[in-house]
Amino acid sequence: MTRAWDPRIEEMPVESLKKLQYTLLKTLVYRLYSFSPFYHRRMEEWGVHPDDIRSLDDIRKLPFMYKKDLRDNYPDKLFLASQEDLVRYHVSSGTTGKPTVVGYTERDLENWTVSLARALVSCGLGRGDVIQVSYGYGLFTGGLGLHYGAERIGATVLPMSVGNTERQIELMQDLGATAIACTPSYLLHIGEVAEKMGVSIRDDTRLRTGILGAEPWSENMRQRIQNWLGIKAYDIYGTSELSGPMFCECSEQKGFHVWGDLAYVEILDPKTQEPLPPGERGEMVITMLQKEALPLVRYRIGDISALDESVCPCGRTHPRVQRITGRVDDMLIIRGINVFPSQIEYALMTIPEVGQHFQIIVDRKGALDDMLVQVEVSPEAFSDKITDLMAIRKKVEHKLRNILNVGVNVELVEPGSLPRFEGKAKRVIDRRKI
Amino acid sequence: MGVDSFVIKQISVFSENKPGRLAAIAKALQEEKINILAFSIAEADGFGVVRALVDKPQRAHEKLGKMGFNVAFTDVIAVQMKDEPGGLYEIAKILGQGGINIEYAYAYSGKGGAVLILRVDNTEAAIAAIQKGGAKLLESSLFQ
């Protein structure tokens, strides 16, 4: 068991934690009803008053907030703190629309830092570690967030930011970095560049921990990184709306602990908005219980995951959220069944005969949805025999049917013929006219 | 004569079943001044495999591979047939009696006679059976 940063909070009995959450929620709702014209109006539209919140479960009576609300109120119309009380801004990149601005009071920064201090200690880091922060510093929350979290636990910070990969590797060696915080794809890139430089991350550096996030990645990718680089890789989660990276897996590596005194997580059915039982995958909805400058209530963050409320073997009582497995926006409904492109990606990674690139084409044949998945035959698996190729196709179809619970057709295409994506992949072509 | 001298390197290319793919392959071979001596397309649902005997298989492999095609070498043999009724039967009978299975075959008939190109489950045994049966195998050097 790893020692906790704040055992009094992190190992608090579940019942006490729920009481604390209820108190914080009640305070938050009164505050918003009194001081946020936006949320006051929305509560009135929903016909709910702060007095209606009489238990933690009553959170379900409260109206949702959306990314669109932040955009529509650009830059700071949703802030509940005046500019003099803000100590920092961060701005999201706005790749999917107008950027969103997040403001922080001194206490917001403190809570953010504490959240990361707990998270970093939970995966075994502390005084004596050298943490290379290779997330971008600046308007993006990753760099500065990890920076202050790592300093708080007494680790030595190497504030690299992104880029200049050869220098990253040199300093990693020279200063004996024991941990790196960056995106999983950037760490793979570092590994490749290091090999070209004749440096083995496993044998020639002290690196043993990766704090990886800010983009979706899979369990297979974790195994690959761990086996190749000889480190333990932990999933970290957060978005600028929450403050930045906030929650990280503990040494158990079975989902990230969401600190219940800071945030309350619901998992809802994306179609009905009804709560799903623990373990079932659905849309994650987050309420930030203590944010001062930019409070969020039932924020539809758009990520798909499942909740594990059982007490973790590490001793922490706070619920764990499983690795993010997709975005609500990406969800397809095929013959009534929810399908996420990330499930297909996961399935394909286990079949070496096909590459990991794919494209989904959805159409309607008569009254029925028809899903076609195009995959590339890998050069190693290519056989001159038609029967071998048909067998590969069968294998992929079978695997996808097992994982998705819906029948799909698979088409083998030439290597390199499917579109490649840098950044956000667009893998679905939906031709259904409904 | 060693068995190896009868083993011919055929190139096999994975191709999507859509207009222009064969043209792309053929154009690439033309650009490399590679001559196609025999050729067939095997077709399945949505894709196909183009199989060809060419005079410079190594160069064809490199060129098509560089273009992103899936290319493989496959060992085949070529048998001289009589260009008259019963010519194919004679060869097929030898293989059948030898317990050799034909995976696929294609043939051409030209001024030098008719030639049957065979992909079999056991190339060495096929060569031995054909020689013993009195039919004539063509050496790979005739093609490549």
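Residue numbers (the numbering used here), protein chains in the order written: chain A, 1 to 434; chain B, 435 to 578. Virtual Cβ for every residue (Gly too), placed ideally from N, Cα, C.
On the DSSP letters alone, give me the boundaries of the beta strand (DSSP E) that residue i sits inside.
i, result
"H90(A)", "86 to 91"
"A358(A)", "Position check: residue 358(A) holds Phe in this sequence, whereas Ala was assumed. From DSSP, the beta strand (DSSP E) with F358(A) extends over 354 to 365."
"L487(B)", "481 to 488"
"D370(A)", "368 to 377"
"V157(A)", "156 to 158"
"E241(A)", "Careful: E241(A) lies outside any beta strand (DSSP E) and carries neither H nor E."
Which one of the options has the shortest CA to CA distance from residue i?
i, options, result
"D261(A)", "H40(A), Y346(A), R3(A), K18(A)", "K18(A)"
"D85(A)", "E15(A), I386(A), A293(A)", "A293(A)"
"Y39(A)", "K77(A), T387(A), R118(A)", "K77(A)"
"V133(A)", "R127(A), S161(A), Y148(A), E106(A)", "S161(A)"
"G454(B)", "T557(B), E524(B), I536(B), F481(B)", "F481(B)"
"K467(B)", "L571(B), E477(B), K490(B)", "K490(B)"
"P295(A)", "I344(A), N338(A), S240(A)", "S240(A)"
"I225(A)", "S305(A), H189(A), Y264(A), R281(A)", "H189(A)"
"S82(A)", "A119(A), T105(A), L28(A), R118(A)", "T105(A)"
"P149(A)", "L139(A), G126(A), T165(A)", "In the sequence as displayed, the identity of residue 149(A) is Gly instead of Pro. The shortest C-alpha separation from G149(A) is found at G126(A)."
"R431(A)", "K365(A), E252(A), Y66(A)", "K365(A)"
"A155(A)", "A179(A), R31(A), F64(A)", "A179(A)"
"R152(A)", "I429(A), W46(A), A177(A), V121(A)", "V121(A)"
"M371(A)", "I333(A), A119(A), V29(A), F382(A)", "I333(A)"
"E192(A)", "N220(A), L229(A), L158(A)", "L229(A)"
"D58(A)", "V29(A), Y33(A), P37(A)", "V29(A)"
"Q173(A)", "E45(A), D204(A), H318(A), H257(A)", "D204(A)"
"R8(A)", "K385(A), P379(A), W259(A)", "W259(A)"
"P352(A)", "D52(A), P159(A), K399(A), Q322(A)", "K399(A)"
"G567(B)", "G532(B), V554(B), D479(B), A478(B)", "G532(B)"
"R88(A)", "D108(A), L348(A), N73(A)", "D108(A)"
"S34(A)", "P50(A), L171(A), E252(A)", "P50(A)"
By how many angstroms is the C-alpha of residue j removed from the C-alpha of residue i?
i, j, result
"K98(A)", "P75(A)", "10 Å"
"I201(A)", "K232(A)", "13 Å"
"D369(A)", "G336(A)", "9 Å"
"Q168(A)", "I442(B)", "52 Å"
"T557(B)", "Y538(B)", "13 Å"
"L418(A)", "L389(A)", "18 Å"
"L522(B)", "K433(A)", "54 Å"
"M1(A)", "L144(A)", "In this predicted model, M1(A) has a pLDDT of only 45, less than 50, meaning its place in the structure is not dependable enough to derive any value."
"G213(A)", "D438(B)", "56 Å"
"G423(A)", "I344(A)", "With a pLDDT of 49 at G423(A), under the threshold of 50, the modelled position of that residue is not reliable, and the figure given next carries that caveat. Roughly 18 Å separates the two Cα atoms."
"V114(A)", "G244(A)", "12 Å"
"K68(A)", "A367(A)", "34 Å"
"T141(A)", "E496(B)", "48 Å"
"L70(A)", "T100(A)", "6 Å"
"P216(A)", "V14(A)", "30 Å"
"I470(B)", "N402(A)", "44 Å"
"V157(A)", "A177(A)", "9 Å"
"Y137(A)", "R393(A)", "45 Å"
"S36(A)", "L80(A)", "7 Å"
"F440(B)", "S574(B)", "5 Å"
"D517(B)", "G544(B)", "9 Å"
"V410(A)", "E397(A)", "6 Å"
Find out if the Cβ-Cβ distance for the pair residue i, residue j is shorter than 7 Å.
i, j, result
"L175(A)", "V130(A)", "yes"
"H303(A)", "M284(A)", "The sequence shown places Asp at residue 303(A), not His. In this structure, M284(A) lies closer than 7 Å to D303(A) by Cβ."
"Y237(A)", "F247(A)", "yes"
"I301(A)", "I324(A)", "no"
"L146(A)", "A117(A)", "no"
"M43(A)", "Y299(A)", "no"
"I267(A)", "L307(A)", "yes"
"A560(B)", "I534(B)", "yes"
"Y540(B)", "S474(B)", "yes"
"L62(A)", "V362(A)", "no"
"G502(B)", "P415(A)", "yes"
"D384(A)", "A563(B)", "no"
What residue does the alpha helix (DSSP H) around residue i start on, and which one ends it?
i, result
"D72(A)", "67 to 72"
"S185(A)", "184 to 196"
"V14(A)", "14 to 35"
"R118(A)", "106 to 122"
"D517(B)", "Where D517(B) is concerned, there is no enclosing alpha helix (DSSP H), given that its DSSP letter is neither H nor E."
Is it the case that the CB of residue i approaches a heavy atom of the ligand SAH more closely than 6 Å?
i, result
"I344(A)", "The ligand SAH is absent from the structure shown, which contains no ligand whatsoever."
Residue i versus chain C: which residues are under 7 Å apart at the beta carbon?
i, result
"T508(B)", "In summary, chain C is missing from the structure at hand, where the protein chains are A and B."
Touching by the beta-carbon criterion (3+ pairs, under 8 Å), the region 342 to 358 of chain A and the region 373 to 381 of chain A = At 8 Å Cβ cutoff, the stretches touch.
Count the CB pairs spanning the region 204 to 214 of chain A and the region 268 to 278 of chain A that are closer than 8 Å, and state whether there are at least three.
-> With the cut-off at 8 Å, the region 204 to 214 of chain A and the region 268 to 278 of chain A do not touch.
Using 8 Å as the threshold, is the region 444 to 454 of chain B in touch with the region 469 to 487 of chain B, meaning 3 or more CB pairs across them?
-> In short, these stretches touch, since the Cβ pair count reaches three.
Touch check for the region 514 to 521 of chain B and the region 545 to 555 of chain B: three-plus C-beta pairs under 8 Å?
-> Yes, the region 514 to 521 of chain B is in contact with the region 545 to 555 of chain B.
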